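Okay, structure first, notes after.
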Amino acid sequence: MDYLPAIARWLHFMAGVMWIGLLYYFNFVQVAALKAAAADSTAAGITKHVAPSALFYFRWSALVTWLAGAALLGGNFAAAFTLNGSYAVIGIGAWLGTIMLLNVWGIIWPNQKKILGFKPATDEEKVKARRIAFLASRTNTMLSIPLLFFMAAGAHSAIYGF
Amino acid sequence: MKNPLDSLWGTVITGLLLTIVLYFVAQKLVVLA
């Protein structure tokens, strides 16, 4: 059915905008805001009322983005992930997105649960979790730059000479 | 050595450098096919 790839692409874009938008919010806005808020004891406003909700949409939009991307690849899924010929372009994007998704669910979210108090943790464990979650989030911000290049550049094959 | 991911500019510059490296990797893979 011709509608399926179109709907998958639409969903991939909507969820992707939410995912990367929230990732950039965390890295470009919230990290600095939390530092400033900690100085005047207002950080709880962010950690109690903003961060849990932002993290909810962040992790689920990451999953929807990946699933919609996989649906969009359809029968070319294996060719993309094996970096086969011209599929190497979108394949690199797909691998970067997969690494980022695993980073969200395997590293960022488990550590954020300790930081936000959803999972019991000592102060020392929280300090460690904060550093790990921060670096994982920064890694995803860094990876999002080539990810978006390969998603967008895939439509401009001339830059690869084919 | 300072971790470039500790600063926003370091993160963005690292991402741009990785994009350039991966662009040449992609080009190689496409040409080889």
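Chains U and P, in that order, give the protein sequences. So for the first sequence, the working numbering puts the first residue at 913; every next one is plus one. So for the second sequence, the working numbering puts the first residue at 2; every next one is plus one. We treat Cβ as the ideally placed atom computed from N, Cα and C, and that holds for glycine. Since this is a predicted model, take the numbers as computed values, not measurements.
Any chain P beta carbon closer than 8 angstroms to residue i
i                  : result
Met1054 of chain U : yes
Ile1004 of chain U : yes
Asn1023 of chain U : no
Arg1050 of chain U : yes
Asn988 of chain U  : no
Gly998 of chain U  : The displayed chain sequence assigns Ser, not Gly, to residue 998 of chain U. Yes, Ser998 of chain U lies at the interface with chain P (some Cβ there is under 8 angstroms from its Cβ).
Tyr936 of chain U  : no
Phe1061 of chain U : yes
Leu946 of chain U  : no
Ile1011 of chain U : no
Ile1044 of chain U : no
Asn1015 of chain U : no
Phe970 of chain U  : no
Gly1018 of chain U : no
Ile1057 of chain U : yes
Gly928 of chain U  : no
Val1001 of chain U : yes
Gly1029 of chain U : no
Leu985 of chain U  : no
Gly933 of chain U  : no
Gly981 of chain U  : no
Phe993 of chain U  : no
Phe940 of chain U  : yes
Tyr915 of chain U  : no
Gly1073 of chain U : yes
Leu1047 of chain U : yes
Buried versus exposed, by CB contacts within 10 Å (16 or more), residue i
i                  : result
Ala27 of chain P   : buried
Leu916 of chain U  : exposed
Ile21 of chain P   : exposed
Pro1032 of chain U : exposed
Trp978 of chain U  : buried
Pro17 of chain P   : Pro is not the amino acid found at residue 17 of chain P; the sequence shown has Leu there. Answer is exposed; the Cβ neighbour count stays below 16.
Met1063 of chain U : buried
Arg1050 of chain U : buried
Asn4 of chain P    : exposed
Ser1056 of chain U : buried
Val1027 of chain U : What sits at residue 1027 of chain U in the sequence shown is Ile, not Val. Under this definition Ile1027 of chain U is a buried residue.
Met2 of chain P    : exposed
His1068 of chain U : exposed
beta-carbon residue i near the ligand ZN non-hydrogen atom, thresh 7 angstroms
i                  : result
Phe1046 of chain U : This structure simply doesn't include the ligand ZN, nor any ligand for that matter.
Legend entry - Every unbroken alpha helix (DSSP H) inside the stretch 976-1057 of chain U [4 residues or more]: Correct list: 989-993, 1000-1015 and 1021-1027.
Check your understanding: Looking at C-beta atoms only, is the number of pairs between the stretch 924-942 of chain U and the stretch 961-980 of chain U that lie closer than 8 angstroms three or more?
Key -> Yes, the stretch 924-942 of chain U is in contact with the stretch 961-980 of chain U.
- Does the stretch 1014-1023 of chain U touch the stretch 957-971 of chain U, meaning 3 or more C-beta pairs lie closer than 8 angstroms? Three or more pairs of CB atoms, one per stretch, sit closer than 8 angstroms, so the stretch 957-971 of chain U contacts the stretch 1014-1023 of chain U.
Please specify which runs of the beta strand (DSSP E), each continuous and at least 3 residues long, are wholly inside the stretch 924-970 of chain U, giving them in chain order. The stretch 924-970 of chain U contains no whole beta strand (DSSP E) run of 3 or more residues.
- Task: Could you tell me whether the stretch 999-1006 of chain U touches the stretch 1051-1065 of chain U, where touching means 3 or more Cβ pairs closer than 8 angstroms?
- Result: Touching, yes.
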